[in-house]
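Reading through the structure tokens given below for one structure.
Chains as they are written, first to last, in the UniProt record's numbering: chain A, 1 to 329; chain B, 1 to 422.
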């Protein structure tokens with residue numbers, strides 16, 4: 001206590017010999033220390049809400065704990081991930097269903113994120129133009145993004161209903177199909193139903209991210225390009241695209257990470273068979289339906305590693321392309 | 001252990017002293033929904049008889065979500081969350097260690113209940129729950145349409161398919177474009193396992209796993225049953241059934257857009273509601289047989305009342321369970337909610353018979369309902385059920401033939417079983 005209060009006094013007045021080395025600390029060091037102190041609450045909070053569950057999950061993935069008795073467990077090493085016994089392999093990585101879930105999830109991510117990028121870009125370019133009612137359009141476009149995913153899923157579930165859904169009704173009216181399609185019942189169609197619902201929900205997010213980037217581009221660049229005789233596509237290709245690239249990559253990282261952990265849309269919207277399961281759905285099934293906390297945790301860790309790995313790849317590509325550009329310049 | 005010491009001391013010090021104030025007991029009852037009048041009746045009875053207070057906790061409607069929530073409560077050994085809880089017939093083995101042994105407290109009630117239902121709540125010779133309601137699959141049909149097209153209710157699946165094809169065609173020609181012959185639960189979930197069990201058992205194809213634990217599914221009769229079911233999809237049943245649960249199929253049937261519907265008994269009272277387009281036009285028959293030498297197989301469903309091991313007021317909880325098991329309480333649940341009682345005597349009750357004339361006939365169907373293989377497969381049942389409904393879904397969606405599906409299912413079940421069901 002006294003030690004602390006000493007340091008609070010003006011050092012010149014007291015100047016105890018023991019305090020001498022402390023005074024030598026540079027401004028830089030003191031600022032660094034203050035920074036740590038200021039960041040500490042946030043770090044502690046982050047550890048409590050993100051780090052601790054992650055560590056627990058990692059821990060349980062090496063055990064055979066059951067969901068309803070988590071305190072009784074044995075360590076099983078890596079057996080939940082992969083194990084060989086009696087000429088047969090076990091564990092998440094040996095489960096064909098896991099690999100099917102990985103395939104489904106990657107397919108969903110690739111389809112929905114590329115469609116979102118395309119439509120998001122179109123919307124952003126549209127909103128970037130000046131027209132009457134611009135404010136209303138920008139606000140209205142946010143509505144799907146504001147609706148909770150579970151509501152989106154239920155809503156699209158009814159719209160895709162084979163007997164009473166509006167989607168089949170419209171398609172029949174325009175004579176695009178002859179008999180109603182079972183959108184959410186057949187595995188091949190239901191993955192597309194999920195993609196459509198997801199694109200509808202998240203295009204606004206993509207559009208706003210891209211719009212923000214578009215508005216940062218100084219208009220004189222376009223004027224100069226126009227004077228030089230560049231057509232619309234050339235202006236987009238040579239000016240717009242390179243300048244919004246960093247923002248686009250950030251938006252893509254967000255969306256890819258989000259799409260990789262897709263769960264609720266598939267769980268609520270589709271028939272929930274093995275044909276459409278996602279990796280998060282797989283982890284939930286092991287953990288909640290089968291009560292296998294160990295296997296479920298192992299699957300969760302793999303989901304985490306996959307999401308983190310892909311995010312790291314994106315960042316690496318981004319940095320690499322920047323470095324390449326700097327080198328060229 | 002350290003935590004236990006103060007608690008034990010407290011019990012020793014105060015446990016012997018007569019409780020001066022009333023305890024509060026918690027029961028799983030969804031008081032904000034249609035169950036409100038029933039919950040309130042129970043509360044009134046209990047508070048008068050037992051001198052304790054009763055509170056309700058709300059549970060999710062979907063049974064697998066309810067199970068997940070219970071297990072979280074049990075994992076935390078939470079004695080304050082719930083004392084008396086409703087348990088699906090397939091959970092008794094699974095929740096065994098979290099349920100209070102009621103053997104000495106309710107043994108005398110046994111003769112009042114259907115034997116197969118009562119047996120289902122016994123695990124390792126100990127009574128773990130008391131049946132609250134009995135469910136079994138049944139076939140609903142449109143009386144008016146069968147009369148119009150001069151047909152009798154079907155006895156076999158072949159009969160059903162023939163009548164459904166004929167009526168569907170006639171109704172569509174008459175301008176009802178959305179009309180279908182048959183709706184059932186084809187979504188990949190527990191409900192499909194029930195339907196698949198009915199198909200297979202009705203063709204004498206067994207119950208997937210027999211009571212001794214042997215895997216019996218890989219047989220030609222089971223394959224035939226699955227192939228028959230697959231032939232309905234897209235012909236007499238909409239492809240959308242592969243996304244239907246109970247309520248989706250009831251929506252189509254109750255809207256007047258289907259001739260037959262497989263569902264649980266609860267649907268009857270709802271189809272007879274005042275705003276129902278098919279009011280007064282609905283009949284009920286047992287699930288059809290698979291061919292002339294098949295069985296009328298109905299999957300056994302239903303709920304039971306159990307007491308949490310972690311309950312701090314087990315005596316009051318048992319008192320409540322006994323009130324819930326009375327004929328009057330079970331009858332009230334039926335009159336208010338259409339839930340068929342688990343007590344045999346309620347089926348002779350005049351009021352019950354007026355409300356649902358079909359129930360008396362169904363006493364035999366209920367008494368012979370086929371249980372899902374949850375008792376022999378024990379804690380592995382969720383995996384077994386999942387394998388069952390995925391096999392059914394693969395056949396319905398045309399991704400496998402019945403023969404492939406039963407062979408694959410046998411492999412899968414063997415893998416799940418390992419050396420022994422545990």
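Glycine included, C-beta positions come from ideal geometry on N, C-alpha and C.
On a predicted model such as this, the values are computed, not experimentally measured, just so you know.
According to DSSP, residues forming a beta bridge with residue i
i                     : result
residue 25 (chain B)  : B:54
residue 301 (chain B) : B:135
residue 232 (chain B) : DSSP output for residue 232 (chain B) lists no bridge partner at all.
residue 63 (chain A)  : A:75
residue 156 (chain B) : B:289
residue 85 (chain B)  : B:306
residue 262 (chain B) : B:139
residue 209 (chain B) : B:215
Within-8 Å CB hit, residue i to chain B
i                     : result
residue 274 (chain A) : yes
residue 182 (chain A) : yes
residue 84 (chain A)  : no
residue 67 (chain A)  : yes
residue 330 (chain A) : With chain A running from 1 to 329 in the structure shown, residue 330 (chain A) is simply not present.
residue 185 (chain A) : yes
residue 258 (chain A) : no
Neighbour flag for residue i against chain A, beta carbons, 8 Å
i                     : result
residue 461 (chain B) : A query on residue 461 (chain B) cannot be resolved here, the shown segment of chain B reaching from 1 to 422 and no further.
residue 257 (chain B) : yes
residue 397 (chain B) : yes
residue 41 (chain B)  : no
residue 61 (chain B)  : no
residue 242 (chain B) : yes
residue 268 (chain B) : no
residue 74 (chain B)  : yes
residue 227 (chain B) : no
CA-to-CA distance, residue j to residue i, given in whole angstroms
i                     : j                     : result
residue 361 (chain B) : residue 299 (chain B) : 17 Å
residue 62 (chain B)  : residue 69 (chain B)  : 11 Å
residue 26 (chain B)  : residue 84 (chain B)  : 6 Å
residue 33 (chain B)  : residue 183 (chain A) : 31 Å
residue 52 (chain B)  : residue 46 (chain B)  : 7 Å
residue 200 (chain B) : residue 221 (chain B) : 7 Å
residue 320 (chain A) : residue 80 (chain A)  : 36 Å
residue 314 (chain A) : residue 248 (chain B) : 43 Å
residue 177 (chain B) : residue 122 (chain B) : 50 Å
residue 137 (chain B) : residue 229 (chain B) : 16 Å
residue 263 (chain A) : residue 48 (chain A)  : 24 Å
residue 376 (chain B) : residue 208 (chain B) : 11 Å
residue 303 (chain A) : residue 199 (chain A) : 22 Å
residue 277 (chain A) : residue 104 (chain B) : 46 Å
residue 197 (chain A) : residue 209 (chain A) : 20 Å
residue 146 (chain A) : residue 136 (chain A) : 15 Å
residue 125 (chain A) : residue 216 (chain A) : 13 Å
residue 189 (chain A) : residue 271 (chain A) : 11 Å
residue 97 (chain A)  : residue 158 (chain A) : 29 Å
residue 246 (chain B) : residue 272 (chain B) : 16 Å
Residues near residue i in its chain [Cβ-Cβ closer than 6 Å; skip 5 each side]
i                     : result
residue 163 (chain B) : 151, 154
residue 102 (chain B) : 127
residue 235 (chain B) : none
Buried/exposed call for residue i, threshold 16 Cβ in 10 Å
i                     : result
residue 143 (chain A) : exposed
residue 56 (chain A)  : exposed
residue 298 (chain A) : buried
residue 53 (chain A)  : exposed
residue 240 (chain A) : buried
residue 28 (chain A)  : exposed
residue 265 (chain A) : buried
residue 118 (chain B) : buried
residue 177 (chain A) : exposed
residue 129 (chain A) : exposed
Sequence-distant residues of its chain with Cβ nearer than 8 Å to residue i (five each side left out)
i                     : result
residue 329 (chain B) : 41, 42, 45, 323
residue 269 (chain B) : 337, 338, 355, 356
residue 149 (chain A) : 201, 264, 265
residue 60 (chain B)  : 66, 69
Cutoff 7 Å; reference residue i; Cβ partners in own chain excluding five residues on either side
i                     : result
residue 403 (chain B) : 223
residue 301 (chain A) : 57, 58, 61
residue 188 (chain B) : 389, 390, 393
residue 343 (chain B) : 112, 113, 327, 330
residue 171 (chain B) : 179
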